[in-house]
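Numbering-wise, full-length UniProt numbering puts 224 at position 224 of the sequence shown, and it's gapless, one number per residue. Working notes for the structure below.
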Amino acid sequence: MAKVISMINWKGGVGKSTLSLHLGVGLMLGSDEHPKVLLIDLDPQSNLSYLALGVEKYVRHVYTKKKPTLKNIFDDYFDGKQFHTRDAIIKQPITASPGQVWINVDLLPSHHELVLVDMMLAREKKSASTHQKETELELDKMAIIKKAIDQVAEDYDYIILDCPPNINLVTQNAFFASELYLIPAIPDFLSTVGISLIKSEMDKLNKNFRGMIQYSNSSIEFNDTEMLGIIFN
């Protein structure tokens, strides 16, 4: 079963995408067994996807061939359909050297239209007969990424989620799905001031999710997401 790690910081330009890529490759190279790693790009800026694929390959894959991306997972949620996560995963896309790729590192790419998903999730309200049922439906909204990951968790040893620079609903989805989170930062005053606030907000999310599950009597499994550490770039 994969260990799921989110890269979280609501400040942009701190190296989340670069760190996600190098951590994924490093985890694979760091063991003789070459563990399998899946990188998931949740940021509509798609920087991790660009880094992994290169701009030309990304544009060809997403816009010319119109292959599925992370956005399709959310689209199917809104349409009430079951999405098959494996359909959107690109196998071994990361170039190691000319003509060579890193083995055992896969990518689930992002899409620029993910920028609209947070607004769509915030607007979406499903009616229910009781407040408990409404809470359960809100939990379903938080568990979109978790359910997508559950489909492939047995295929990988590590799954790394590169979150957008905010703590909106897509990032909360990533947090809900993760066992651990890392805070990439740069060693300046503004970045370090924000770290304690991020930790505080993540603690609140853990508490809120636990409360929602207990109140709704939901069958969704959730354990507190713990901070793995802070990495200064």
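The beta-carbon is built from N, C-alpha and C at its ideal position, and this holds for glycine as well.
In the DSSP assignment, PHE83 falls outside any beta strand (DSSP E), carrying neither H nor E. Between LEU53 and THR18, the gap from beta carbon to beta carbon reaches 8 Å or more. For LYS3, the enclosing beta strand (DSSP E) has its first and last residue at 3-7.
In this structure TYR156 touches LEU38 by the C-beta definition: roughly 5 Å separates them, less than 8 Å. Ranked by how close their Cα comes to the Cα of LYS65, the residues ILE230, VAL105, ALA88 have ALA88 in first place. A buried status is given to SER178, since no fewer than 16 other beta-carbon atoms sit within 10 Å of its beta-carbon.
Residue pairing by DSSP places PRO184 opposite ILE231 in a beta bridge. The three-state secondary structure of ASP41, taken from DSSP, is strand. The distance from the Cβ of THR69 to that of PRO109 is about 5 Å, consistent with a contact at the 8 Å cut-off. Between VAL105 and GLY24 the beta-carbon gap is near 5 Å, inside 8 Å, which marks them as a contact. In the structure shown, THR192 falls within a helical segment according to DSSP collapsed to helix, strand and coil. Between the region 187-200 and the region 146-163, the count of C-beta pairs closer than 8 Å stays below three; the two stretches do not touch. For ASP157, no beta strand (DSSP E) segment is defined, and its DSSP state is neither H nor E.
Relative to the Cα of ASP224, the nearest Cα in the group ILE230, GLN214, ILE231, PHE175 belongs to PHE175.
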